[in-house]
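Following: one structure in structure tokens, then a few remarks.
Quick look at the structure:
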């Protein structure tokens with residue numbers, strides 16, 4: 114059993130419960146809580162400041178079946194494969210492999226993503242194409258939304274992060290996860306509005322959220338989708 118510790122304390126469970134777990138020691142929590150981190154595919158145990166280790170271990174062991182049942186519901190990691198149906202910025206496409214040499218191409222009219230080269234390279238080629246598409250799309254969208262509030266985006270980068278979907282630095286650099294390209298259109302619009310709003314408010318104050326909602330009326334819908342379904346964007350390796 115793999116246990117990741119946050120807080121500098123030791124934590125041991127002699128029994129093999131059949132799942133990985135992250136342990137968080139919190140001075141603000143009043144009770145033991147256990148949740149599922151769908152992105153990292155593990156359980157997260159939060160322990161209050163004055164809770165005994167014995168009580169924490171007993172709590173985890175009593176919820177073993179619940180954790181295992183919920184972990185089983187998370188889709189298995191997979192490669193992009195020929196004939197897969199994927200969504201790119203809200204539009205459906207079918208991956209079609211071709212032995213003819215050439216670049217990966219998006220047929221928007223027929224909703225087909227043509228991938229050339231050896232079939233063994235299909236996953237990497239699709240992933241590289243989506244990253245390039247994401248950079249182009251998020252750069253364009255970020256600049257357009259920033260213009261609406263009189264701000265300028267310095268640079269846009271595409272990354273593969275797990276802790277957050279996107280981020281905006283004080284230097285006006287915005288990073289986006291390439292996986293957001295697979296999300297519905299309203300989610301993409303919300304994320305762009307969220308990060309561009311940080312160009313004006315480097316916090317999550319009421320003023321910040323008011324600006325996000327001004328820029329994207331489906332803000333709440335986008336937030337809820339990521340909370341409920343965001344882990345699905347990690348089904349591809």
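Numbering (the working numbering), first residue to last: 114 to 350.
Note that beta-carbon positions come from the ideal geometry of N, C-alpha and C, so glycine has one too.
Around the beta carbon of residue 270, fewer than 16 other beta carbons lie within 10 angstroms, which makes this residue exposed. The region 326 to 338 and the region 303 to 310 touch, with no fewer than 3 CB-CB distances between them shorter than 8 angstroms.
Residue 152 is positioned such that its CB atom lies closer than 8 angstroms to that of residue 347. In the three-state reduction of the DSSP assignment, residue 301 falls in the helix class, which pools H, G and I. The alpha carbon of residue 199 has as its nearest neighbour, out of 167, 283, 240, the alpha carbon of 240. Within the same chain, and ignoring the five residues on either side of residue 232 in sequence, the residues whose Cβ sits closer than 6 angstroms to its Cβ are 210. Counted as a single uninterrupted DSSP element, the alpha helix (DSSP H) harbouring residue 328 occupies residues 319 to 328. When the Cα atoms are used, residue 140 and residue 168 turn out to be separated by approximately 17 angstroms. The beta-bridge partner set that DSSP reports for residue 148 consists of 157. Shortest Cα-Cα distance from residue 180 to any of 201, 155, 243, 225 involves 155. In the three-state reduction of the DSSP assignment, residue 226 falls in the strand class. Just so you know, the alpha carbons of residue 144 and residue 329 end up roughly 37 angstroms apart. Taken in chain order, the whole beta strand (DSSP E) runs of length 3 or more contained in the region 260 to 293 are 268 to 272, 279 to 281, 286 to 290. Residue pairing by DSSP leaves residue 244 without any beta bridge partner. Annotated three-state conformation of residue 130 is coil, per DSSP. DSSP places residue 185 in the helix class (H, G or I) of the three-state scheme.
In the structure shown, residue 213 falls within a coil segment according to DSSP collapsed to helix, strand and coil.
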